[in-house]
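This report concerns only the one structure given below.
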Amino acid sequence: MPKDYIARLVYDRTHLSIAIVKKPLEVVGGITYRPFKGRQFAEIVFCAISSDQQVKGYGAHLMSHLKDYVKATSDVMHFLTYADNYAIGYFKKQGFTKEITLPRSVWMGYIKDYEGGTIMQCSMLPRIRYLEMGRMLLKQKECVQAK
111 MPKDYIARLV
121 YDRTHLSIAI
131 VKKPLEVVGG
141 ITYRPFKGRQ
151 FAEIVFCAIS
161 SDQQVKGYGA
171 HLMSHLKDYV
181 KATSDVMHFL
191 TYADNYAIGY
201 FKKQGFTKEI
211 TLPRSVWMGY
221 IKDYEGGTIM
231 QCSMLPRIRY
241 LEMGRMLLKQ
251 KECVQAK
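111 is the number of the first residue of the sequence shown in this note's numbering; add one for each residue after it.
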C-alpha cells in the first residue's frame, strides 16, 4: 500500500487504530479499523507488523487486544477485512474465515472493495476474553493430559 494512502486511513476520523509499541518508542505494528455503529461490524482496513518482528506472536496479541477492546467499547461483534494472499494464513489463525455469514445487506456498500483481495469475516464470541485464551487453552490441555 502506498504511504500516503496508509496515512490517510490512519488519520481519518472515522477510523480507529491500535498499536504495539516497544520501549523506547519503537512501533512494532498496528491495526486500523472502521466501526459501523448500529451495524455490529467493523472493517479492518490496515493490519501490519514490522517485517523484523513477524512470527513472534505480536500480530496475534494485537488482534486479541483489538477484539477485547472493541467488544468492551462498542456493539461490534463481527470484523470484515480484505486479505491479500500473504495475509490469509494470518487471518485464519486469528479466527477469520472466507465464509461470510453476515448478511450482505449489513455490509455491502459500506466497506471498500479491494481488487485481488479475499474478503474474510471473524465473528467474536461474547463470553470469550481473547487475551486470556492462550492460558485457558493451556489449562484445558493440562486437565485433559492429567486424566
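We put the CB at the ideal spot given by N, CA and C, even for glycine.
{"Item": "Exposed or buried, what is residue 209 when buried is set at 16 or more other beta-carbons lying within 10 Å of its beta-carbon?", "Value": "exposed"}
{"Item": "Could you give the C-beta distance for residue 141 and residue 128, rounded to a whole number, given that I count them as a contact under 8 Å?", "Value": "5 Å"}
{"Item": "Sorted by chain position, which residues of the same chain lie with C-beta nearer than 7 Å to residue 119's C-beta, five sequence neighbours on each side aside?", "Value": "125, 142, 155 and 156"}
{"Item": "Put residue 247 into one of helix, strand or coil per three-state DSSP.", "Value": "helix"}
{"Item": "Kindly indicate which three-state DSSP category residue 225 falls into: helix, strand or coil?", "Value": "coil"}
{"Item": "Quick one: which unbroken alpha helix (DSSP H) runs of 4-plus residues sit fully inside the region 154 to 209? Chain order, please.", "Value": "168 to 183 and 198 to 203"}
{"Item": "For the pair the region 190 to 202 and the region 233 to 241, tell me if three or more CB-CB distances fall below 8 Å.", "Value": "no"}
{"Item": "For the alpha helix (DSSP H) containing residue 113, list its first residue and its last residue.", "Value": "113 to 121"}
{"Item": "Classify residue 255 as helix, strand or coil using the three-state DSSP reduction.", "Value": "helix"}
{"Item": "Which of helix, strand or coil does DSSP assign to residue 241?", "Value": "helix"}
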